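My numbering numbers the first residue of the sequence shown as 134 and each following residue consecutively.
Read through the structure below, which is laid out as structure tokens, and then see the notes.
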Amino acid sequence: MIAARSAHELRAYDRRDQHLARAEEADPSGKSFILMTGADLLIEERRYADALSILKQLKTSGSRQHTAALRLELKAEQSLKHWDRVLELVEQLDTRNAFDAAYSEQMKRHARIELLKRSVVEGRERFTANWQKIPEKERKDAKVVSIAAQAFIDFGECSLAGKIIEESLDAHWSSHLVAIYGECPDPDAVKRIERAENWLKKHDDDAVLLLTLGRLCMHQKLWGKARSYLDASLSVHPSAAAHLASASLAEIMERHEDAENHYRKAQELILSD
């Protein structure tokens, strides 16, 4: 076994495999340990599918699967991005207290997020099914809600996107979610404006919130309020997005010189990034 690991370190993989085979011949009772060692070395070599094939032999042997083997399988499945299987393995390892609770939750959260992101291209029905599998507490997590809200907007479900953003923002503030909130106004945009203005009482220095209010007011053709909010956003933190929104508003109001000025400043900010 020492010789096998030494050969592996030297990238002499054929010689490594020969040593592993000889070790199994010399001590058939140690087959499980030898198989796990071989799988571990294949994972290091990034031959994840081959490693899983070896670990499968342990399952079919009829013996109780070692926690160490489950850990190796988890590592390989994570590398292959098989997130459904990752969730299953973490759950199995949880029953054996193999991980710290916080680390276990972190792995499961990551797997659920990846499944959610992947299901966007699989259509609304599949995406909604994965969204409903997300635990209640994670449905207010800014990163999870950001993915879900953007997907529902793409599916034409602006009202639903707005609802889950509102629930998340009421629990934990996120300027990123506020920006998405203004991307797809609800048919009853007045209620969104009222909700956003209520948030403004606690977050009056949030430039993104002010920009979102400006965009929502533009959608409702409340030109005066829109200009006030956009100007306030720029005074808190000049951004290309706010300058572009201000330029669009200036064009609508036929203030062409102001529009050109905002376009120029937006371009300067974009080029300076």
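Beta carbons are placed, not taken as given, at the ideal position from N, Cα and C, and that holds for glycine.
Note that this is a predicted model, so its numbers are computed, not measured.
Simplified DSSP state of residue i, which is helix, strand or coil
i	result
Glu401	helix
Pro161	helix
Phe232	coil
Ala312	helix
Asp406	coil
Leu207	helix
Phe285	helix
Leu153	helix
Met240	helix
Asp339	coil
Leu349	helix
Leu249	helix
Arg388	coil
Ser279	helix
Leu344	helix
Ser212	helix
Residue i, enclosing alpha helix (DSSP H) - first and last residue
i	result
Trp264	Arg257 to Lys266
Gly330	Contrary to the premise, residue 330 reads as Glu rather than Gly in this sequence. Ala322 to Leu333 is the extent of the alpha helix (DSSP H) around Glu330.
Val253	First-last for Val253: undefined, no H or E at that position.
Ala145	Premise fails: Ala145 is in no alpha helix (DSSP H) and is neither H nor E.
Asp303	Cys291 to Ala304
Met134	It is not in any alpha helix (DSSP H) - Met134 carries neither H nor E in the DSSP assignment.
Lys358	Trp356 to Val369
Cys317	Run containing Cys317: none; DSSP gives neither H nor E here.
Asp227	Trp216 to Asp227
His376	Ala373 to Ile385
His199	Element bounds for His199: n/a, residue is neither H nor E.
Arg272	Neither: Arg272 is in no alpha helix (DSSP H) and is coded neither H nor E.
Close-in-space but distant-in-sequence residues of the same chain around residue i (CB under 7 Å, 5 per side omitted)
i	result
Asn263	Leu248, Leu249 and Ser252
Arg360	Leu382
Ala202	Met169, Leu188 and Leu191
Ala140	Arg148, Arg149 and His152
Ser279	His309, Leu310 and Ile313
Beta-carbon contacts of residue i that lie in its chain and below 6 Å, excluding the five residues immediately before and after
i	result
Val311	Val341, Leu342 and Thr345
Ile326	Leu349
Cut-off 8 Å between Cβ atoms - residues of its own chain near residue i, not counting five sequence neighbours on either side
i	result
Val223	Leu207, Phe232, Ser237, Met240, Lys241 and Ala244
Cβ contact (3+ pairs, closer than 8 Å) linking the segment 257-267 and the segment 231-238
Touching, no.
Whole alpha helix (DSSP H) runs in the segment 164-196 with 4 or more residues, listed along the chain?
Runs of the alpha helix (DSSP H) inside the segment 164-196: 164-177 and 181-193.
So, do the segment 365-378 and the segment 327-335 have three or more beta carbon pairs nearer to each other than 8 Å?
No: the two stretches stay apart, fewer than three of their Cβ pairs being nearer than 8 Å.
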